[in-house]
Amino acid sequence: MNLSFDHDRVVEFTQELVRIESVNRPEDGLSEAPVADAVAAEMRSFGWDPVLEEVAPGRPNVICIVDGGLPGPTLMFEGHSDVVTAGDKSQWTRDPFGAQIVDGRLYGRGSADMKSGVAAMIYATRAVQLAGPFPGRILIGVLCDEEEMMIGVKHFVASGHCVGIDGAISAEPEAGEICAVSKGAIRLRVDAHGKMAHGAMPHKGANPVNALGLATAALAELQQRLQTELGSYEHLGHTFVTPTFLSGGSIEQLNVIPANAVLGVDIRTTPNVQHDALLLDVRALLADIAASTGVDLELTVIDDRPPANTPQSSKVAQALVVGHETVTGEPAVFGGVPGTTDGTILWRDGGIDSVVYGPGGKWIAHQVDEYVEVAEIIQATEVFAHAAVAFLTND
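Counting from 10, one number per residue, gives the positions in the sequence shown under our numbering.
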């Protein structure tokens, strides 16, 4: 197929999306809805027929099918419309929602993670369509809430949209690596219920802070055991068990042992970790601490996301190899996603071979002065288009 690209417009559209503060903060009137509207409007300008499905109030998924006119497989391009907060905007050297281009870099929250990827996959699909007809179809999903509980992709799967999809590419920033494996995540909350007492008479109480301190130490030992037994997984490294939040008592009442305290834990797993078995280990160590301290420890699993492990030999991964090498003239490099993406849900719950590849540095997401190289947006657009052709034509 003779592909041609609108390089200027894909960069301009990225800027338009970055200028929308699509943080999930309804109390400030912010959500993904304006991005969904902008994406749908761009699609309609091509004559496409996008559907907006509301997942939660003000939080729609955008789903659009571009049919090639010939029998063939279905490829999904997936991205998310939300961004994390910019934090303290005074720490940024440029407006986090200004989408300025300086020295070849487009700055702003979501520039890499992942509005450039969204723009690239849309304009790649447009290039394939204009060069058509082509076999099969391309399904574009711009989904809400990837940064929090992934309700967008979970709704997409539960609604039956995965039926008939033969492979998926999530356009997250991966610095040109084809990431067929991704870490899983388990997010835990431990509520410690003890007995309030005077700080001068700790023997009259049951200190939940002490109990959670012991839990933190036990979790560190669990991490060490997992890393020793399992070693480092290719492209992903080690499993991590990380306490991220501990709260109990009050700075105004330093002489009071509180009745309750809370611990948050973020576990990042590799494909050789069985989540059910790991959770049994966590429950067992908490039960031992509860028995020794007299503090009740209540465990809540807030979210459980699997590691994804799509074979490098899969059709969708090899299509990206073709696309990358065609555009860059360099050998494709495989890597891994250190976090989780919507692709992990598509892989586990949707049963779809899912890989991650997109413009932007792998480690730049969520940082102050987030940026993406303009050249990477253009390159990813071309790679996505050539990958789509290779996938759909079985070439």
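Virtual Cβ for every residue (Gly too), placed ideally from N, Cα, C. Predicted model, so just to flag it, every value in this text is computed and none were measured.
Within 9 Å, strictly: CB atoms of residue i and residue j
| i | j | result |
| --- | --- | --- |
| proline 316 | valine 190 | yes |
| glycine 77 | proline 142 | yes |
| arginine 146 | isoleucine 74 | yes |
| leucine 197 | aspartate 275 | yes |
| leucine 295 | valine 199 | yes |
| aspartate 313 | isoleucine 195 | yes |
| alanine 128 | leucine 26 | yes |
| leucine 255 | leucine 272 | yes |
| alanine 201 | aspartate 305 | yes |
| glutamate 41 | phenylalanine 22 | no |
| glycine 203 | alanine 268 | yes |
| alanine 408 | proline 217 | No information on residue 408 is available, as it lies outside the stretch 10 to 404 that the chain covers here. |
| valine 44 | serine 90 | yes |
| histidine 375 | valine 93 | yes |
| proline 182 | glycine 126 | yes |
| leucine 223 | threonine 337 | no |
| arginine 18 | phenylalanine 106 | no |
| valine 20 | glycine 88 | no |
| leucine 289 | glycine 208 | no |
| alanine 399 | alanine 293 | no |
| leucine 228 | valine 291 | yes |
Cβ neighbours of residue i in the same chain (closer than 6 Å, five flanking residues each side left out)
| i | result |
| --- | --- |
| glutamine 109 | Arg103 and Tyr116 |
| lysine 213 | Ala206 |
| valine 342 | Glu186 |
| tryptophan 356 | Ala317 and Ser363 |
| glycine 169 | none |
| threonine 225 | Pro252 |
| aspartate 358 | Val166 |
7 Å CB neighbourhood of residue i in its chain, flanking five on each side removed
| i | result |
| --- | --- |
| alanine 133 | Thr390, Phe393, Ala394 and Ala397 |
| alanine 49 | Pro59, Leu61 and Val71 |
| proline 211 | Ile266 |
| asparagine 318 | Val190 and Pro280 |
| alanine 167 | none |
| glutamine 321 | Ala189 and Phe343 |
| threonine 253 | Gly273, Val274 and Asp275 |
| methionine 158 | Asp312 |
| alanine 215 | Gly203, Lys204, Thr302, Gly303 and Val304 |
Same chain, Cβ closer than 8 Å to residue i, neighbours up to 5 away in sequence not counted
| i | result |
| --- | --- |
| glutamate 426 | With the chain covering only 10 through 404, there is no way to say anything about residue 426. |
| arginine 53 | Pro59 |
| arginine 234 | none |
| glycine 360 | Cys171 |
| histidine 411 | As shown, the chain starts at 10 and ends at 404. That puts residue 411 outside it, with no answer to give. |
| asparagine 11 | Ala140 |
| proline 35 | Pro66 and Gly67 |
| histidine 16 | Ile387 and Thr390 |
| proline 80 | Pro144 and Gly145 |
| leucine 39 | Glu30, Ser31, Val32 and Asn33 |
| valine 111 | Arg103 |
| serine 13 | Ala136, Leu139 and Ala140 |
| proline 69 | Glu41, Ala42, Ala45, Leu61, Glu62, Glu63 and Cys153 |
One or two residues paired with residue i in a DSSP bridge
| i | result |
| --- | --- |
| serine 363 | Ala177 |
| phenylalanine 143 | Gly78 |
| phenylalanine 343 | Ile187 |
| aspartate 305 | His202 |
| alanine 296 | Looking at the DSSP assignment, alanine 296 forms no beta bridge with any residue, so it has no partner. |
| alanine 389 | For alanine 389, which the question treats as bridged, DSSP gives no partner whatsoever. |
| threonine 278 | Gly193 |
| glutamate 382 | Arg114 |
| proline 215 | In the sequence under discussion, the amino acid at residue 215 is alanine, which differs from the proline named in the question. Answer by DSSP bridge pairing, in chain order: Lys204. |
Exercise. Is the stretch 378-386 in contact with the stretch 397-404, if contact means three or more CB pairs nearer than 8 Å?
Worked result: no
Exercise. At which residue ranges does the stretch 18-96 contain complete beta strand (DSSP E) runs of 3 or more residues, listed in the order of the chain?
Worked result: 60-65, 68-76 and 78-89
Problem set entry | Cβ pair count under 8 Å reaching 3, the stretch 361-369 against the stretch 120-129 | yes
Problem set entry | At least 3 beta-carbon pairs within less than 8 Å: the stretch 171-178 vs the stretch 72-87 | yes
Exercise. Which runs of the beta strand (DSSP E), 3 residues or longer, sit entirely within the stretch 173-207?
Worked result: 176-179, 187-191 and 193-202
Problem set entry | Within the stretch 220-276, ranges of the beta strand (DSSP E) (whole runs, at least 3 residues) | 249-257
For this session: Could you say if the stretch 273-290 and the stretch 246-254 meet the contact criterion of at least three C-beta pairs nearer than 8 Å?
Result: yes
For this session: List in chain order: all unbroken beta strand (DSSP E) runs of 3+ residues lying wholly within the stretch 307-342.
Result: none
Problem set entry | Length-filtered (4 minimum) alpha helix (DSSP H) runs lying within the stretch 99-166 | 125-139
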